[in-house]
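First up is the structure itself, then whatever we jot down about it.
Chains as they are written, first to last, in the working numbering: chain H, 9 to 377; chain B, 9 to 377.
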């Protein structure tokens with residue numbers, strides 16, 4: 009089932025990754041030029057399913073960290089993720105045999121292809137977040153027992169830092185501090201594990217899902233069909249099985265600050281057409297909770313995606329604008345992300361939310377007037 | 009010329025190191041209990057002169073970093089410097105054969121004895137600052153071409169970080185960020201070098217100077233002699249040859265804040281006895297410049313030491329108090345610290361001071377009325 013991801017696939021991959029980004033993970037189009045350049049030089053990159061991994065493969069998670077608002081302004085030069093990987097490999101005394109995104113949402117879905125192209129390594133079809141999350145401990149890798157450390161970071165000036173922390177939370181805390189001092193953004197390599205472990209702890213098939221969702225939206229647009237209906241239909245036979253129209257309207261209020269290295273804030277959407285009242289969406293890089301008429305309509309780790317109301321193009325937190333017309337889609341997180349262990353690490357309480365997790369499909373719909 | 013430093017020497021060492029601390033470097037008495045415990049368990053520690061080092065020895069600089077105001081409140085558990093050294097050794101693939109203080113002023117003069125006792129290693133009689141300085145690039149090691157990186161840091165919870173930075177300044181910037189996130193203080197191991205290099209780039213004999221100065225002050229007190237005169241006399245045949253009475257009086261104003269991990273501020277002293285007018289002393293952890301009657305009386309890297317006016321006990325920046333009676337002594341830095349290369353790294357401009365460096369012995373004295 010190994011397939012090749014080519015330059016021509018990159019646009020679909022980015023669009024699908026932006027859907028799973030749920031507002032965060034970094035704008036996937038920003039890093040795209042760098043990845044495209046690497047693919048142009050190295051050719052296609054192999055995408056392999058988790059079950060194809062050798063049990064004794066050395067799989068390393070790679071990506072970038074930093075506030076999305078800074079990611080927009082600081083375009084990476086493209087070598088940092090490779091330097092981060094090399095720093096980790098030097099510590100392990102072993103070369104990686106495959107890379108995996110720690111986060112399939114946003115620009116971090118593309119970084120493994122950059123590393124894959126530059127290093128001739130396959131990319132594993134899966135990830136540790138099944139979406140985007142703001143912190144490094146919010147990984148199924150961590151939930152199911154893989155050590156985040158050693159974590160290697162690199163910046164565009166080739167400064168490198170290796171962290172060996174007592175917990176994934178401490179690794180996040182130290183790495184975030186380093187990333188801030190590296191100019192607000194750093195590339196990293198972490199959660200080194202063998203193939204047998206990767207099969208057990210990864211959210212499966214998330215990169216092929218990104219490719220598929222990106223393609224579904226594009227093709228619906230090309231044939232002037234409804235891209236939202238196509239997106240929801242495409243989810244049905246995946247492990248992200250429930251897609252739901254949550255709301256549609258115009259952004260009438262927007263509060264957004266960069267605090268502690270995160271983009272934190274809230275957007276209020278005034279209903280248009282058949283949608284009445286206001287939906288508010290709270291975010292910390294990613295959209296965390298959607299409320300309407302005093303009811304929770306979707307809550308983390310389920311996915312809350314804001315898309316352009318006309319084109320179904322996903323909108324990242326930092327691109328939200330007053331007056332923008334958006335459609336909000338909820339997507340159920342896969343079962344591996346809804347276990348009690350998983351919810352303890354990236355459920356609502358991990359973000360300071362008082363509301364308990366309730367599956368999207370069990371919540372009342374905002375309905376239409 | 010190898011000698012043994014025993015538990016009985018520790019008090020003199022700390023007092024002398026506090027003189028070279030020029031207000032900073034951490035209160036040497038705080039870490040003393042931990043060092044004493046290690047010496048009690050392991051016995052005396054060998055102190056070897058630079059010239060006794062094998063040219064192919066592996067010398068590693070060890071110490072702590074953090075705001076002195078935090079060092080007072082957070083007493084180390086004593087294993088962190090060893091963990092930092094081990095982290096560096098793992099990266100180098102080689103065990104250290106000797107340790108050296110990166111800073112002979114303040115508590116960092118004692119840390120190598122802690123590591124020496126715990127690891128059975130000799131301590132080299134010299135250091136990289138010849139006093140205390142607030143930042144890691146302010147080292148003769150750096151001035152004369154040794155790479156600060158890799159820098160290893162450890163905290164009391166055994167979190168460890170390894171930094172490989174493009175410059176000593178960037179190593180400082182990243183290490184400071186990590187130390188802040190480790191709770192405001194971290195132990196570190198850095199500036200790994202061979203014995204031949206250590207001989208060329210170190211400020212020599214600074215630990216035996218600390219032992220000697222501490223002993224001179226103690227013995228003068230014991231025989232009811234003038235400890236200040238004894239201190240100045242003891243400097244005459246060292247490479248810190250000029251000791252000078254700068255001022256004496258009462259602290260009448262004190263501004264001190266902890267900013268960016270540093271204790272920054274200014275003390276004003278009103279003259280008493282034969283001393284007229286006011287002396288102001290500006291500090292960033294360490295005392296940087298002493299001004300009186302519109303004239304500079306001493307300026308970094310020359311040493312400005314505030315001592316208790318009765319006992320000649322050195323006073324660290326964080327122990328300064330309104331109303332305290334102090335005597336200010338200036339000490340000339342050794343020639344290796346006054347070269348143009350050295351002044352470029354830790355001269356007045358490195359601290360944002362507009363005044364050029366002028367040797368203490370060439371400056372007009374504040375005089376007496």
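Beta carbons: idealized from backbone N, C-alpha and C, even for Gly.
Same chain, Cβ closer than 6 Å to residue i, five either side skipped, listed in chain order
i	result
residue 309 of chain H	341, 345, 354
residue 62 of chain H	203
residue 143 of chain H	180
7 Å Cβ cut-off: residues of chain H touching residue i
i	result
residue 178 of chain B	167
residue 189 of chain B	181, 182, 185
residue 174 of chain B	165, 166, 167
Beta-carbon separation (whole angstroms), residue i vs residue j, contact threshold 8 Å
i	j	result
residue 252 of chain B	residue 307 of chain B	About 13 Å; that fails the 8 Å criterion.
residue 36 of chain B	residue 25 of chain B	5 Å
residue 114 of chain H	residue 192 of chain H	About 16 Å separates the two Cβ atoms, so there is no contact after all.
residue 271 of chain H	residue 282 of chain H	Contact flag wrong, Cβ pair sits at about 31 Å.
residue 328 of chain B	residue 275 of chain B	6 Å
residue 215 of chain B	residue 65 of chain B	The pair is not a contact, with the Cβ atoms about 17 Å apart (cut-off 8 Å).
Whether residue i touches residue j by CB criterion (9 Å)
i	j	result
residue 53 of chain B	residue 125 of chain B	yes
residue 183 of chain B	residue 93 of chain B	no
residue 20 of chain H	residue 226 of chain H	yes
residue 336 of chain B	residue 256 of chain B	yes
residue 47 of chain H	residue 161 of chain H	no
residue 254 of chain B	residue 287 of chain B	yes
residue 258 of chain H	residue 360 of chain H	no
residue 29 of chain H	residue 139 of chain H	yes
residue 244 of chain H	residue 235 of chain H	no
residue 242 of chain B	residue 220 of chain B	yes
residue 325 of chain H	residue 31 of chain H	yes
residue 17 of chain H	residue 88 of chain H	no
residue 300 of chain B	residue 374 of chain B	yes
residue 343 of chain B	residue 247 of chain B	yes
residue 320 of chain H	residue 280 of chain H	no
residue 260 of chain B	residue 277 of chain B	yes
residue 185 of chain H	residue 224 of chain B	no
residue 99 of chain B	residue 23 of chain H	no
residue 141 of chain H	residue 13 of chain H	no
Interface residues of chain H facing residue i [CB-CB closer than 9 Å]
i	result
residue 408 of chain B	Any answer about residue 408 of chain B is impossible in this case: the structure gives chain B only from 9 up to 377.
Distance cut-off 8 Å: residue i Cβ against heavy atoms of the ligand NAP
i	result
residue 305 of chain B	This structure does not include the ligand NAP; it has no bound ligands of any sort.
Same chain, Cβ closer than 7 Å to residue i, five either side skipped, listed in chain order
i	result
residue 90 of chain H	123, 126, 127
residue 151 of chain H	349, 350, 353
residue 97 of chain H	103, 104
residue 368 of chain B	250, 252, 306, 310, 338, 340
residue 290 of chain B	274, 296, 297
residue 206 of chain H	58, 61, 67, 108, 132
residue 154 of chain H	199, 201, 205, 209
residue 51 of chain H	none
residue 15 of chain H	44, 47, 48
residue 372 of chain H	303
Residues near residue i by beta carbon distance below 8 Å, same chain, minus five either side
i	result
residue 136 of chain B	69, 108, 109, 110, 111, 147, 148, 149, 150, 199, 209, 210, 211
residue 49 of chain B	125
residue 145 of chain B	156, 175, 176, 177, 179, 180, 353
residue 217 of chain H	24, 28, 112, 246, 248
residue 119 of chain H	39, 43, 70, 71, 72, 89, 109, 195
CB contact below 9 Å: residue i versus chain D
i	result
residue 268 of chain H	In the displayed structure, chain D is absent; the protein chains listed are H and B.
Quiz item: Just checking, does the region 309-322 of chain B make contact with the region 286-297 of chain B on the three C-beta pairs under 8 Å criterion?
Solution: These segments touch.
Quiz item: Between the region 163-176 of chain B and the region 156-171 of chain H, do at least 3 Cβ pairs fall closer than 8 Å?
Solution: yes
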